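Visitor: My questions all concern the structure below.
There are 2 protein chains.
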Amino acid sequence: MKKLLDDPENAVADSLAGFAAAHADLVEVRGLDGAQPLFVTRAAGAVPGKVGLVSGGGSGHEPLHAGFVGDGMLDAAVPGAVFTSPTPDQIAPALQAADTGRGVLAIVKNYTGDVLNFETAVELAEAEDVEVATVVVNDDVAVEDSLYTAGRRGVAGTVAVEKIAGAAAARGDDLAAVTAVAQRVIDNVRTMGVALAACTVPHVGKPSFDLGDDEIEVGIGIHGEPGRHRVPAATASEVTRLLLEPVADDLGLQAGERVLLFVNGMGGTPLSELYVVYGRARSLLEQRGVTVARSLVGDYVTSLEMQGASVTVLRLDDELERLWDAPVRTPALHW
Amino acid sequence: MKKLLDDPENAVADSLAGFAAAHADLVEVRGLDGAQPLFVTRAAGAVPGKVGLVSGGGSGHEPLHAGFVGDGMLDAAVPGAVFTSPTPDQIAPALQAADTGRGVLAIVKNYTGDVLNFETAVELAEAEDVEVATVVVNDDVAVEDSLYTAGRRGVAGTVAVEKIAGAAAARGDDLAAVTAVAQRVIDNVRTMGVALAACTVPHVGKPSFDLGDDEIEVGIGIHGEPGRHRVPAATASEVTRLLLEPVADDLGLQAGERVLLFVNGMGGTPLSELYVVYGRARSLLEQRGVTVARSLVGDYVTSLEMQGASVTVLRLDDELERLWDAPVRTPALHW
Numbered sequence: 001m002k003k004l005l006d007d008p009e010n011a012v013a014d015s016l017a018g019f020a021a022a023h024a025d026l027v028e029v030r031g032l033d034g035a036q037p038l039f040v041t042r043a044a045g046a047v048p049g050k051v052g053l054v055s056g057g058g059s060g061h062e063p064l065h066a067g068f069v070g071d072g073m074l075d076a077a078v079p080g081a082v083f084t085s086p087t088p089d090q091i092a093p094a095l096q097a098a099d100t101g102r103g104v105l106a107i108v109k110n111y112t113g114d115v116l117n118f119e120t121a122v123e124l125a126e127a128e129d130v131e132v133a134t135v136v137v138n139d140d141v142a143v144e145d146s147l148y149t150a151g152r153r154g155v156a157g158t159v160a161v162e163k164i165a166g167a168a169a170a171r172g173d174d175l176a177a178v179t180a181v182a183q184r185v186i187d188n189v190r191t192m193g194v195a196l197a198a199c200t201v202p203h204v205g206k207p208s209f210d211l212g213d214d215e216i217e218v219g220i221g222i223h224g225e226p227g228r229h230r231v232p233a234a235t236a237s238e239v240t241r242l243l244l245e246p247v248a249d250d251l252g253l254q255a256g257e258r259v260l261l262f263v264n265g266m267g268g269t270p271l272s273e274l275y276v277v278y279g280r281a282r283s284l285l286e287q288r289g290v291t292v293a294r295s296l297v298g299d300y301v302t303s304l305e306m307q308g309a310s311v312t313v314l315r316l317d318d319e320l321e322r323l324w325d326a327p328v329r330t331p332a333l334h335w
Numbered sequence: 001m002k003k004l005l006d007d008p009e010n011a012v013a014d015s016l017a018g019f020a021a022a023h024a025d026l027v028e029v030r031g032l033d034g035a036q037p038l039f040v041t042r043a044a045g046a047v048p049g050k051v052g053l054v055s056g057g058g059s060g061h062e063p064l065h066a067g068f069v070g071d072g073m074l075d076a077a078v079p080g081a082v083f084t085s086p087t088p089d090q091i092a093p094a095l096q097a098a099d100t101g102r103g104v105l106a107i108v109k110n111y112t113g114d115v116l117n118f119e120t121a122v123e124l125a126e127a128e129d130v131e132v133a134t135v136v137v138n139d140d141v142a143v144e145d146s147l148y149t150a151g152r153r154g155v156a157g158t159v160a161v162e163k164i165a166g167a168a169a170a171r172g173d174d175l176a177a178v179t180a181v182a183q184r185v186i187d188n189v190r191t192m193g194v195a196l197a198a199c200t201v202p203h204v205g206k207p208s209f210d211l212g213d214d215e216i217e218v219g220i221g222i223h224g225e226p227g228r229h230r231v232p233a234a235t236a237s238e239v240t241r242l243l244l245e246p247v248a249d250d251l252g253l254q255a256g257e258r259v260l261l262f263v264n265g266m267g268g269t270p271l272s273e274l275y276v277v278y279g280r281a282r283s284l285l286e287q288r289g290v291t292v293a294r295s296l297v298g299d300y301v302t303s304l305e306m307q308g309a310s311v312t313v314l315r316l317d318d319e320l321e322r323l324w325d326a327p328v329r330t331p332a333l334h335w
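Chains as they are written, first to last, in full-length UniProt numbering: chain B, 1 to 335; chain E, 1 to 335.
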């Protein structure tokens, strides 16, 4: 294993220390000394009168979630060990830190550990008089259950949930309204991914799975958990069709609808290839009479250095489009 | 070779077509039909009364250069084939498209092909009454000459040159002033990189070089050309020291100075590792009494999916800092 790390056991804290120093204008990382629970908040503190937004999950998906803490998106993010849920002891103080009296929305990706630990943390926070609502993101159409999940996994669509709910909170919506718009994104967003090569978890030291020299895994999870099927490596056009069609079919997209098209890199795929996939996915949508009204292309929900990509489609309406367009200022998303 | 591409021979045009569609609000790609020379311009056209800024070079380094076309940065970018200089026939019309009568600055990375082809293109543009000044970026301290270069190579420091010269042009500086500030950046920026694993050029189909399982190449070029030495894989702290110290020494950094610290990913390295390197480099600078006043961490000058990173340091003064902070709105850099 070759990685730019010191002690692999300390990779998450080392990385967050650099992250905190690089973005000190936007974020603050608490608990780097190990004496307190580890989580990321806004440098300027919670915004009085605003509903708080908290997310979290295993590390290794950077910039998700810590990279989305800032104006117009998250108030706190809770990083677990690599591909491992954060603990309730970390999540509960992050929920408290994000609260200014109007309540907090917890955005949870649908993995069993995340769901359980957030549930426990919510109970702890509620015991401290923090009102918490929870939404569970489950956008991955690839498989119904998986190694780590009952039901569908939460993957790249999480970025859209965090961005749009963040904009709703920033404009002053109350907790019920922020929760409702987050759920509307979840109801209208679908994703499917493909891996060309595995990643190596630092404290494991060997690749998470093996793929043949001429083999790809369609429907891969963001922890390398199995997808739908392994198929021979194919052209970008063919692979994109294998990703886009289940997504569009599951959404029930109709001619005349408008969508956000998001092509996400898994960490080890050149940006130039993501744009090829984007172009192919857009053509397939246009062939269905669907208009791509908004776009995002890049590495936002990664699996360390995994080679691969996912295609996410979000059905837009006027309000979701306005909330997507609202200003955002975080380390990883900015407009 | 597994890549998300259709015809490897057409990878650059396919990618640029997706790029153009995803960022139609900011950029326009001309010549995608193959009937005209291929280059990228602003969607809104050149800005009347502003000095034009043009850069370019081989593809495979995305988001450089096309990702930096937009407000506050480049007016046009000229992509060659992967790791291959663009031709004078492409560059000359890009120079013309960027001109609104106040002249154009060409920002060229120091590779022999780029330098020669830009020289020829400048002659062609001058024959059409476009005034062109040229600066050559040569920030790589690793080697004095290389496979493709007489003198030092131009690498990640190019981002700082394009950002800061772009801000000077945007505020209305004339061609001489924009050229002078670009040259001041070049005089004060240095970079060194490391590779952990090679990349594969699409139309070649096999890795550019071989590295042993426990070997890294220090001082690598952005085309995989040889660096200073191959050494056993080491910790992030040790590797960062091998990169940062030659950079700081060559700059002659003194205690009390302020710098921009830029840790650039080569394409296949997790963002989390870049932040570890950033933290280590920042500590080394602080040990020298140098203040890190501005930061940039991410994949900006890549080598396809190469695993590795580079460390860039730019000595700041008040004006360079103000120009760095000035608004920028491009596909890849935005604040």
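Glycine included, each C-beta is placed from N, C-alpha and C at the ideal position.
Please read all numbers here as calculations on a predicted model, not as lab measurements.
Starting from T291(B), trace the alpha helix (DSSP H) in both directions and tell me its first and last residue.
Guide: No alpha helix (DSSP H) contains T291(B), which is instead part of the beta strand (DSSP E) from 291-298.
Visitor: Is the Cβ-Cβ distance between V276(E) and D14(B) less than 9 angstroms?
Guide: yes
Visitor: Which whole-angstrom value is the C-beta distance of L175(B) and G101(B), which I expect to be below 8 angstroms?
Guide: Rounded, the Cβ-Cβ distance is 11 angstroms, inconsistent with contact.
Visitor: Taking I216(E) as the query, report the chain B residues whose CB atoms sit under 8 angstroms from its CB, ordered along the chain.
Guide: K2
Visitor: Using the C-alpha atoms, what's the distance from D89(B) back to E217(B)?
Guide: Whole-angstrom Cα-Cα distance: 36 angstroms.
Visitor: Is the beta carbon of V161(B) sitting closer than 9 angstroms to the one on V130(B)?
Guide: no
Visitor: Within 10 angstroms of its Cβ, does W324(E) collect 16 or more other Cβ (buried), or is it exposed?
Guide: buried
Visitor: Per the contact definition of three or more C-beta pairs closer than 8 angstroms, is the region 248-267 of chain B in contact with the region 42-51 of chain E?
Guide: no
Visitor: In the structure shown, what three-state DSSP assignment does D250(E) receive?
Guide: helix
Visitor: Hey, how far is the Cα of A142(B) from the Cα of F209(B)?
Guide: 18 angstroms
Visitor: Output the distance between the C-alpha atoms of I186(B) and S85(E), rounded to the nearest integer angstrom.
Guide: Answer to the nearest angstrom: the Cα atoms are 45 angstroms apart.
Visitor: Assuming E225(E) contacts S310(E) under a Cβ cut-off of 8 angstroms, what Cβ separation, rounded to an integer in Å, is found between them?
Guide: Here E225(E) is actually not in contact with S310(E); their C-beta atoms are around 14 angstroms apart, not less than 8 angstroms.
Visitor: Name, in chain order, the residues that DSSP records as bridge partners for I91(E).
Guide: Answer by DSSP bridge pairing: none, since I91(E) is not bridged.
Visitor: For D299(E), decide whether its Cβ has a neighbour in chain B, counting only Cβ atoms nearer than 9 angstroms.
Guide: It does: the Cβ of D299(E) has a partner Cβ on chain B nearer than 9 angstroms.
Visitor: For E305(B), which residues in chain E fall below 8 angstroms Cβ to Cβ?
Guide: Simply G268, T269, P270, Q307.
Visitor: Looking only at its chain, what residues have a beta carbon closer than 8 angstroms to the beta carbon of G151(E), apart from the 5 residues adjacent to it on each side?
Guide: N110, N138, E144, D145
Visitor: Does the distance from the CB of K2(E) to the CB of A233(B) come in under 9 angstroms?
Guide: yes
Visitor: Answer yes or no: does any C-beta atom of chain E fall closer than 9 angstroms to that of A236(B)?
Guide: yes
Visitor: Considering only the alpha carbon of each residue, which of Y148(B), A97(B), G113(B) lies closest to E126(B)?
Guide: Proximity to E126(B) across Y148(B), A97(B), G113(B) peaks at A97(B), based on C-alpha coordinates.
Visitor: Name the DSSP bridge partner or partners of M306(E)?
Guide: G267(E)
Visitor: Grouping DSSP H, G and I as helix and E and B as strand, with all else coil, what is T179(B)?
Guide: helix
Visitor: Give a yes or no on whether the minimum CB-CB distance between E225(B) and chain E is below 9 angstroms.
Guide: no
Visitor: Helix, strand or coil for D210(B)? Go by DSSP, reduced to three states.
Guide: coil
Visitor: Within 10 angstroms of the Cβ of A24(E), are there 16 or more other Cβ atoms? Answer buried if so, exposed if not.
Guide: exposed
Visitor: Among I107(B), F19(B), C199(B), T240(B), which residue has its Cα nearest to the Cα of H223(B)?
Guide: Answer by Cα proximity: C199(B).
Visitor: Considering just the uninterrupted stretch of the beta strand (DSSP E) at F118(B), what are its terminal residues?
Guide: Not the beta strand (DSSP E): F118(B) falls in the alpha helix (DSSP H), residues 112-127.
Visitor: Looking at C-alpha atoms only, which residue of V297(B), G268(B), G267(B) is the closest neighbour of R280(B)?
Guide: V297(B)
Visitor: If you count every other CB in all the chains shown that lies within 10 Å of the CB of Q307(B), and 16 or more means buried, which is it?
Guide: Under a 10 Å Cβ-count criterion, Q307(B) is classified as buried, with 16 or more other Cβ atoms of the shown protein chains found around its own Cβ.
Visitor: Got a sec: which bits of the region 278-289 of chain E sit with their beta carbon under 8 angstroms from any beta carbon on chain B, in order along the chain?
Guide: Cβ contacts with chain B come from Y278, G279, R280, R282.
Visitor: For L32(E), return the contacting residues in chain B, with the cut-off set at a CB-CB distance below 9 angstroms.
Guide: The premise fails here: L32(E) is roughly 11 angstroms from chain B at the closest Cβ pair, so nothing lies under 9 angstroms.
Visitor: In the DSSP assignment, find the beta strand (DSSP E) that holds S55(B) and state where it starts and stops.
Guide: 52-59
Visitor: With G197(B) and G268(B) assumed to form a contact (beta carbons below 8 angstroms), what rounded beta-carbon distance in angstroms separates them?
Guide: The residue you asked about is not Gly; residue 197(B) is Ala in the sequence shown. Yes, A197(B) and G268(B) are in contact; Cβ-Cβ is about 7 angstroms, under 8 angstroms.
Visitor: Using the beta-carbon count (16 or more within 10 Å), is P327(E) buried or exposed?
Guide: Here P327(E) is exposed, its C-beta having fewer than 16 other C-beta atoms within 10 Å.
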